[in-house]
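Contents: one structure, followed by commentary.
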Amino acid sequence: MENSNENLNENSNENSNENSNDNSNNNSNDKNLNDNSKEIELNHPLFMTELPENWDKDPTLSALQSMIYDEGTPKERAENFKQRGNDLFNSGKKNYHSAIQFYTDGLKEKCEDNELNAFLYSNRGLVQFKLENFRKSIEDFKQSIQLNPKNIKIYYRISQAFLALDKFQDAIDWLSKGIQNNLNDPKISALKKEQKKIEEKLKEKNEAMKKKDREAFLSTSKQRNLQRLIMRKGWRLGEKVYDFGDRYPISFKTSTENHSFFAHLSVMFPQINDQIELFAPWDVNKRYLIPNLEIWWQTNISNILSQNSFKKSEKSKKLKKSKKLKKWIKISSLNDTLKSVLDNPDYVIPELPVFHILAKNSPFYSTFFN
Numbered sequence: 001m002e003n004s005n006e007n008l009n010e011n012s013n014e015n016s017n018e019n020s021n022d023n024s025n026n027n028s029n030d031k032n033l034n035d036n037s038k039e040i041e042l043n044h045p046l047f048m049t050e051l052p053e054n055w056d057k058d059p060t061l062s063a064l065q066s067m068i069y070d071e072g073t074p075k076e077r078a079e080n081f082k083q084r085g086n087d088l089f090n091s092g093k094k095n096y097h098s099a100i101q102f103y104t105d106g107l108k109e110k111c112e113d114n115e116l117n118a119f120l121y122s123n124r125g126l127v128q129f130k131l132e133n134f135r136k137s138i139e140d141f142k143q144s145i146q147l148n149p150k151n152i153k154i155y156y157r158i159s160q161a162f163l164a165l166d167k168f169q170d171a172i173d174w175l176s177k178g179i180q181n182n183l184n185d186p187k188i189s190a191l192k193k194e195q196k197k198i199e200e201k202l203k204e205k206n207e208a209m210k211k212k213d214r215e216a217f218l219s220t221s222k223q224r225n226l227q228r229l230i231m232r233k234g235w236r237l238g239e240k241v242y243d244f245g246d247r248y249p250i251s252f253k254t255s256t257e258n259h260s261f262f263a264h265l266s267v268m269f270p271q272i273n274d275q276i277e278l279f280a281p282w283d284v285n286k287r288y289l290i291p292n293l294e295i296w297w298q299t300n301i302s303n304i305l306s307q308n309s310f311k312k313s314e315k316s317k318k319l320k321k322s323k324k325l326k327k328w329i330k331i332s333s334l335n336d337t338l339k340s341v342l343d344n345p346d347y348v349i350p351e352l353p354v355f356h357i358l359a360k361n362s363p364f365y366s367t368f369f370n
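So the sequence shown is residues 1 to 370, counted in full-length UniProt numbering.
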């Protein structure tokens, strides 16, 4: 916090070092004295961090409250509020909101000391930052800088608040203002160092975004090229139909449409019962033998995309509804190729070619067509 007692902790450390050679009895006595002092402080009205219930009926507390709010000049009262806020802030997070109130009360005094008001804004902003009220902290830091543009510490604080909001450029800009307003102050080296650090982070962020955009563009370009290729071959491309939900479709990656279905299935499923190691882990009943498999596809399942629809967004795609009936077709032989199906005038690709592989002796086989 902005405080004239910056060396308080250092002095305490020096005193403790000077007394490090005291004997254990003295240490014990000192401990008891300190404990008693702490107890007295906690119960003394001057050191209370919270007012008890019915405090207004206590003449001592009422008198002290009157001194804080009524006696002295506006500057003296504002200084009093600032110190009270600092004490509450240093006493722990549970008193942060009370600290904010004291800083606010200090600002309400509207004293003519700009430096004191700047401290009140910056201290309140710091508490707001600790409470993760980053936008409120930024507003307070701006007010503080306006009143005292020479306080380098506040430029650092406001940069951290903007960083917390993922506003890298704003953080850099405010550090630049701090440097420009304090060119003759040797402490600006800390601002320059922080500015360089944030600039590197921003550069990394921008490069990551460019990479993501580039990958998305390439993905879209590949999709368009594939769609053009499909249409050049005379195949019909339709809109997406299947939503697999919690089921897991199997993808076959192929470099040519001339591969047979058998070429792919033989990699996944055994041809004879003796090939136990080739059975899929989920096929506990060993039903998925290649001789038991059938492959089915459905005709005219999807609305056909127009020739130039892939250049448009999903919502604006033009669809040509197929008037032909849907029906199930079984592939006559596993040696048939993907091309043999795609060339069929009744096959419309539902975004991706979809085929249903069934085991003839499975319970699902009898219910599939229902």
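All residues carry an ideal CB built from backbone N, CA and C; glycine is no exception.
No experiment lies behind these values; they were computed from the predicted model shown.
Bridge-paired residues (DSSP) for residue 260: Beta-bridge partners of residue 260 (DSSP): 337.
Under 7 Å between C-beta atoms of residue 161 and residue 144: For the 7 Å CB-CB criterion, residue 161 and residue 144 do not form a contact.
Assigned secondary structure, residue 5 (DSSP; H/G/I helix, E/B strand, else coil): Low confidence applies here, because residue 5 scores a pLDDT of 41, under 50, leaving its location unreliable and the question unanswered by this model.
Cross-strand partners of residue 359 (DSSP beta bridge): Per DSSP, 293.
Spatial distance of residue 156 from residue 191 (CA atoms): Cα to Cα, residue 156 sits roughly 7 Å from residue 191.
Buried/exposed call for residue 82, threshold 16 Cβ in 10 Å: Taking all protein chains in view, the Cβ of residue 82 is crowded by 16 or more other Cβ atoms within 10 Å, so the residue is classified as buried.
CA-to-CA distance, residue 201 to residue 232, given in whole angstroms: Rounded to the nearest angstrom, the gap between the Cα atoms of residue 232 and residue 201 is 46 Å.
Rounded C-alpha distance that separates residue 121 from residue 107: Approximately 8 Å between the Cα atoms of the pair.
Three-state secondary structure (DSSP) of residue 368: If DSSP states are grouped into helix, strand and coil, residue 368 belongs with the helices.
Per DSSP, the bridge partner or partners of residue 330: Beta-bridge partners of residue 330 (DSSP): 296.
Same chain only: Cβ atoms within 6 Å of residue 260, ignoring 5 sequence neighbours per side: So the list reads 335, 337, once near-sequence residues are dropped.
Reduced DSSP secondary structure (H/G/I, E/B, other) of residue 158: In the three-state reduction of the DSSP assignment, residue 158 falls in the helix class, which pools H, G and I.
Exposure of residue 151, with buried meaning 16 or more beta-carbon neighbours within 10 Å: Here residue 151 is buried, its C-beta having at least 16 other C-beta atoms within 10 Å.
Alpha-carbon to alpha-carbon, residue 257 and residue 210: Looking at the two C-alpha atoms, the distance is approximately 35 Å.
Rounded straight-line distance, which links the Cα of residue 195 to that of residue 386: The structure shown has nothing for residue 386, since the chain only spans 1 to 370.
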